[in-house]
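**Q**
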Amino acid sequence: MAFLTLDKVTHHYFSSTGYTKALDNISFSVKEGEFVALLGPSGCGKSTVLSIISGIMKQTAGNVFLEQKPITESKMAIGYMLQQDYLFPWKTIENNVLLGPAINRTLTSETKETAQELLEEVGLPGVADKYPSSLSGGMRQRAALVRTLINDPKILLLDEPFSALDYQTKLKLEDLVSKLLKTYQKTAVLVTHDIGEAIAMSDRIIVMDANPGTIASVFDVPIELRDEQPFLVRRHPKYQLLFDRIWNELDQKDTHVTSSQEVQTDERE
Amino acid sequence: MKENKSDKQLFQSYKNGIKREKKIVFAWQIAILLVFFTVWEVATRMYWIDPLIFSSPSRVFTVIVERLSDGSLFSHVQVTLIETIIGFLVGTLSGIILATMLWSSQRFSDIADPYIVVMNAMPKVALGPIIIVAIGPGYLAIITMGAIISVIVTTLVVFSAFREIDPNYEKVMRSFGATKWQLFKEAVFPAALPAMISTLKVNVGLSWVGVIVGEFLVSKQGLGYLIIYGFQVFDFSLVMSSLVLIAIFAAIMYKVVEKLEKWLIKHSR
Numbered sequence: 278m279a280f281l282t283l284d285k286v287t288h289h290y291f292s293s294t295g296y297t298k299a300l301d302n303i304s305f306s307v308k309e310g311e312f313v314a315l316l317g318p319s320g321c322g323k324s325t326v327l328s329i330i331s332g333i334m335k336q337t338a339g340n341v342f343l344e345q346k347p348i349t350e351s352k353m354a355i356g357y358m359l360q361q362d363y364l365f366p367w368k369t370i371e372n373n374v375l376l377g378p379a380i381n382r383t384l385t386s387e388t389k390e391t392a393q394e395l396l397e398e399v400g401l402p403g404v405a406d407k408y409p410s411s412l413s414g415g416m417r418q419r420a421a422l423v424r425t426l427i428n429d430p431k432i433l434l435l436d437e438p439f440s441a442l443d444y445q446t447k448l449k450l451e452d453l454v455s456k457l458l459k460t461y462q463k464t465a466v467l468v469t470h471d472i473g474e475a476i477a478m479s480d481r482i483i484v485m486d487a488n489p490g491t492i493a494s495v496f497d498v499p500i501e502l503r504d505e506q507p508f509l510v511r512r513h514p515k516y517q518l519l520f521d522r523i524w525n526e527l528d529q530k531d532t533h534v535t536s537s538q539e540v541q542t543d544e545r546e
Numbered sequence: 050m051k052e053n054k055s056d057k058q059l060f061q062s063y064k065n066g067i068k069r070e071k072k073i074v075f076a077w078q079i080a081i082l083l084v085f086f087t088v089w090e091v092a093t094r095m096y097w098i099d100p101l102i103f104s105s106p107s108r109v110f111t112v113i114v115e116r117l118s119d120g121s122l123f124s125h126v127q128v129t130l131i132e133t134i135i136g137f138l139v140g141t142l143s144g145i146i147l148a149t150m151l152w153s154s155q156r157f158s159d160i161a162d163p164y165i166v167v168m169n170a171m172p173k174v175a176l177g178p179i180i181i182v183a184i185g186p187g188y189l190a191i192i193t194m195g196a197i198i199s200v201i202v203t204t205l206v207v208f209s210a211f212r213e214i215d216p217n218y219e220k221v222m223r224s225f226g227a228t229k230w231q232l233f234k235e236a237v238f239p240a241a242l243p244a245m246i247s248t249l250k251v252n253v254g255l256s257w258v259g260v261i262v263g264e265f266l267v268s269k270q271g272l273g274y275l276i277i278y279g280f281q282v283f284d285f286s287l288v289m290s291s292l293v294l295i296a297i298f299a300a301i302m303y304k305v306v307e308k309l310e311k312w313l314i315k316h317s318r
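If you read the sequences in order, they're chains Y and S. Quick note: the first sequence uses this note's numbering, first residue 278, plus one each step. Quick note: the second sequence uses this note's numbering, first residue 50, plus one each step.
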């Protein structure tokens, strides 16, 4: 049964000089515990999809349902991870991690213990009293992951969370995130432009097309790859096959996107 | 071992270099001060400049010592200092409060925009007579002058700092379901703190301007009053003494605010 459903979602960005159709008729659904990747060139509206799912942005047409209820009615269902950690530099790691509970006034000594355990689980013991500036990029992103997980979100939205990291750190974090999501049985939507990352981490890959953002095609990741660690997926023989298929799909798009109109503006004058 | 020693020696000579540079700068500063006072003293004694108008360091010194020993100077200094400090605090705090109000409502800030532009462009000391008539010629009017002169600048600087916060922090807060007030308290206000602190230094100087002009107009007590009084009875030694005292106390206040700034920055990080 569908856990998260997007039904004919369309979104426009308006400005005083015109408008841009960022998304056109996006429909897909995600099952509980499933990991879906949105893959596409920059500017195809991938991040907009996440903002709409999270409720930060309101779509101009269409509906988003979480467990058959409109997304706006469910509180605290969403965990969001961004390209950078966006830890608050004036808060200690512990206070950063406990931001969600503090905002929702559910902060107890139990949550504090959970925070401590989660920090240890992601390999960050003994940093609770440190400030973000004294941590490396990878450590900070792991702290940001804990900040998201502590709220026990029903869905995790990952907006290119590994793109600002160096390659080695990125591979390690992919493994960690994938492991944690499996242990806690989380549903996740990952936005990325990295084909390898999409294959390594997800169960299903939705390839998007730009101007306006539409769904171009959907690839199911072979079952052998789904249960494997992201690092090992990259060595699997089937990995390269899927990679090539997706590459061809994107490559075709590339040639036809450049010939089409980039930005739409209105016919005011 | 040998290498270790030479490392230390290099470090030692580096430190000595810094110390020597500091000493040179300090020696120059003292030299300029001495030369200034000596030239001033000599010039008036030799009648190169009119001692009646420009007084002389020795006379200024005598006036300050005389007026200190009979206690009349103390109350004037005290009045001006208290007025300046209160004016500074009231101006800065109301500026921050106004900026908060502007931030809290986009519509309000749009509506208020032209009025703020006009008030910012307006030379605030020109309002002096109106303020004195409205509030009455007393401390309150002078404090108002000291405050009003810095309030709009503070509002503008702090408001723009509030708006410059990275929208991704807002995204993080919104994904946790934070209210607008929580967003302000946890993210926007602390992020704008450095900008607020930097307005403190500017405001100290501005408050002195407001208070001295206020004392010119009200003419009852204070260093501004002494300047006007000395001017009216043609006692320029008194005028110069007041100026010297203002310079000393304004510099002390500036240094105190600077220390406060350093402390705040250290403790807000």
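For each residue, glycine too, the CB sits at the ideal point set by N, CA and C.
#1: Which residue marks the beginning of the alpha helix (DSSP H) containing residue 358 of chain Y, and which one marks its end?
#2: With a threshold of 8 Å between beta carbons, is residue 156 of chain S in contact with chain Y?
#3: Cβ of residue 544 of chain Y less than 8 Å from any chain S Cβ?
#4: Would you kindly work out how many angstroms separate the C-alpha atoms of residue 398 of chain Y and residue 256 of chain S, rounded to a whole number?
#5: What three-state label does DSSP hand residue 138 of chain S in the structure shown?
#6: Starting from the beta carbon of residue 292 of chain Y, find every residue of chain S whose beta carbon is closer than 8 Å, and list them in chain order.
#7: If you measure between the beta carbons of residue 436 of chain Y and residue 484 of chain Y, is that distance less than 8 Å?
#8: Can a CB atom of chain Y be found closer than 8 Å to the CB of residue 236 of chain S?
#9: Decide if the region 184–194 of chain S is in contact with the region 224–239 of chain S; the criterion is three or more beta carbon pairs, one per stretch, under 8 Å apart.
#10: Identify which residue in S/301, S/289 and S/178 has its Cα closest to the Cα of residue 109 of chain S.
#11: State the start and end residues of the unbroken beta strand (DSSP E) segment that holds residue 301 of chain Y.
#12: Mind checking if residue 223 of chain S is an interface residue toward chain Y, Cβ cutoff 8 Å exclusive?
#13: Output the boundary residues of the alpha helix (DSSP H) element that contains residue 278 of chain S.
#14: Which residues in the same chain have their Cβ closer than 7 Å to the Cβ of residue 543 of chain Y, if we skip the five residues on either side of it in sequence?
#15: Is it buried or exposed, residue 439 of chain Y, if we count other Cβ atoms within 10 angstroms and call 16 or more buried?
#16: Over the uninterrupted beta strand (DSSP E) stretch that includes residue 452 of chain Y, give me the two end residues.
#17: Using a Cβ-Cβ cut-off of 8 Å (strictly less than) and excluding sequence neighbours within five positions of residue 523 of chain Y, which residues of its own chain qualify?
#18: If you run the structure through DSSP and keep just helix, strand and coil, what is residue 540 of chain Y?
#19: Within 8 Å (strictly less), CB to CB, does residue 68 of chain S reach chain Y?
#20: Does the CB of residue 320 of chain Y have a neighbour CB from chain S at under 8 Å?
#21: Please classify residue 264 of chain S as buried or exposed, where buried requires at least 16 other C-beta atoms within 10 Å of its C-beta.
#22: Return the Cβ separation of residue 359 of chain Y and residue 373 of chain Y in integer angstroms, given the expectation that the two are a contact with Cβ distance under 8 Å.
#23: What does residue 227 of chain S touch in chain Y if you count any residue whose Cβ is under 8 Å from its own?
#24: Going along the region 68–87 of chain S in order, which residues come within less than 7 Å of chain Y, judged by CB to CB distance?
#25: Decide if the region 198–214 of chain S is in contact with the region 132–141 of chain S; the criterion is three or more beta carbon pairs, one per stretch, under 8 Å apart.
#26: Which residue or residues does DSSP assign as beta-bridge partners of residue 464 of chain Y?
#27: Can you tell me which residues form a DSSP beta bridge with residue 347 of chain Y?
#28: Let me make sure I understand the geometry here. Which of Y/337, Y/280 and Y/425 has the alpha-carbon closest to that of residue 298 of chain Y?
#29: Does the beta-carbon of residue 463 of chain Y have 16 or more other beta-carbons within 10 angstroms, so that it is buried, or is it exposed?
#30: Have a look at residue 260 of chain S and residue 88 of chain S and give me their C-alpha separation to the nearest angstrom.
#31: Run through chain S and tell me which residues come within less than 7 Å of residue 331 of chain Y, C-beta to C-beta.
#32: Determine the chain S residues that contact residue 461 of chain Y at a beta-carbon separation under 9 Å, and present them in chain order.
#33: Out of S/73, S/137 and S/247, which one is the CA nearest neighbour of residue 258 of chain S?
**A** A quick look at the data gives this:
#1: Under the DSSP assignment, residue 358 of chain Y falls outside any alpha helix (DSSP H), being part of the beta strand (DSSP E) whose first and last residues are 355–358.
#2: No, because no Cβ of chain Y sits closer than 8 Å to the Cβ of residue 156 of chain S.
#3: Legend: pLDDT at residue 544 of chain Y = 44, less than 50; position of this residue unreliable, value from coordinates given subsequently. Answer no: the Cβ-Cβ gap between residue 544 of chain Y and chain S never drops below 8 Å.
#4: When rounded, the separation of the alpha-carbon atoms in residue 398 of chain Y and residue 256 of chain S is 54 Å.
#5: Reduced to three states, the DSSP call for residue 138 of chain S is helix.
#6: Neighbours of residue 292 of chain Y on chain S: none; closest Cβ ~16 Å, over 8 Å.
#7: Against a cut-off of 8 Å, the Cβ pair of residue 484 of chain Y and residue 436 of chain Y comes out as no contact.
#8: Yes - at least one Cβ of chain Y is within 8 Å of the one on residue 236 of chain S.
#9: Flag = no, the region 184–194 of chain S and the region 224–239 of chain S do not touch.
#10: Out of S/301, S/289 and S/178, S/289 has the C-alpha closest to the C-alpha of residue 109 of chain S.
#11: That run of the beta strand (DSSP E) goes 295–308.
#12: Taking CB atoms only, residue 223 of chain S has a neighbour in chain Y less than 8 Å away.
#13: Going by DSSP, residue 278 of chain S is part of the alpha helix (DSSP H) stretching over 272–281.
#14: At residue 543 of chain Y the pLDDT is 45, less than 50, meaning the model places this residue with poor confidence and gives no usable figure here.
#15: With 16 or more other Cβ atoms within 10 Å, it is buried.
#16: Segment 444–460 is the alpha helix (DSSP H) holding residue 452 of chain Y; no beta strand (DSSP E) there.
#17: For residue 523 of chain Y, where only same-chain residues beyond five positions count, the Cβ hits under 8 Å are 316, 472, 475, 476, 482, 484 and 496.
#18: Unreliable positioning characterises residue 540 of chain Y in this predicted model, as indicated by a pLDDT of 48, which lies under 50. A coordinate reading is not provided.
#19: Not an interface residue.
#20: Not closer than 8 Å to any Cβ of chain S, the Cβ of residue 320 of chain Y fails to qualify, so no.
#21: Its Cβ being crowded by 16 or more others within 10 Å, residue 264 of chain S is buried.
#22: At roughly 14 Å, the Cβ-Cβ gap does not stay under 8 Å, so residue 359 of chain Y and residue 373 of chain Y are not in contact.
#23: The contacting residues are 380.
#24: Result list empty, no residue passes.
#25: Note that the region 198–214 of chain S touches the region 132–141 of chain S; at least 3 beta-carbon pairs, one per stretch, sit closer than 8 Å.
#26: DSSP, once it has assigned bridges, lists Y/432 as partnering residue 464 of chain Y.
#27: According to DSSP, residue 347 of chain Y bridges with Y/342.
#28: If you compare the alpha carbons of Y/337, Y/280 and Y/425 with that of residue 298 of chain Y, the shortest gap goes to Y/337.
#29: Buried.
#30: Here the alpha carbon of residue 260 of chain S sits roughly 31 Å from the alpha carbon of residue 88 of chain S.
#31: Within chain S, the residues whose beta carbon sits less than 7 Å from that of residue 331 of chain Y are 224, listed in sequence order.
#32: When 9 Å is used as the limit between beta carbons, residue 461 of chain Y is near no residue of chain S, the shortest such separation being about 18 Å.
#33: Minimum Cα-Cα distance from residue 258 of chain S among the listed residues S/73, S/137 and S/247 corresponds to S/137.
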